[in-house]
Amino acid sequence: MSSNLVAEKKKQARLVKDQVRLVLRNYNLSPEELDKAAQDISDVVLTSWDLTLSNMDYAGTWFDQSQLTPKEIEE
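So, in structure tokens, the structure goes:
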């Protein structure tokens, strides 16, 4: 599957944003600040990194998404 497909890019963006959100939870940000920071950071990551060429499970750096609330998963 080509990473140029719009659906694949949207999926990658959601996955990265979810991971960033999990990291930033430790910084006591408001929900609005958390969402803005997660979006900004995921935008930067996605512009410089083709996730289809990467192994996101490498070295255990992939955060457990079961920590997300149902509301966060929908976003």
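Its first residue numbered -1, the sequence shown is counted upward by one per residue in my numbering. In this text, a Cβ means the ideal position worked out from N, Cα and C, and glycines have one as well. Bear in mind the structure is a predicted one, so any value in this text is a computation, not a measurement.
- Item | Status (buried if at least 16 other CB within 10 Å, exposed otherwise) for Ala36 | buried
So for Ser28, helix, strand or coil by DSSP? coil
Practice item. Could you check the C-alpha separation between Leu32 and Arg12 for me, to the nearest Å? Key: Whole-angstrom Cα-Cα distance: 14 Å.
- What is the DSSP secondary structure of Leu22, reduced to helix, strand or coil? helix
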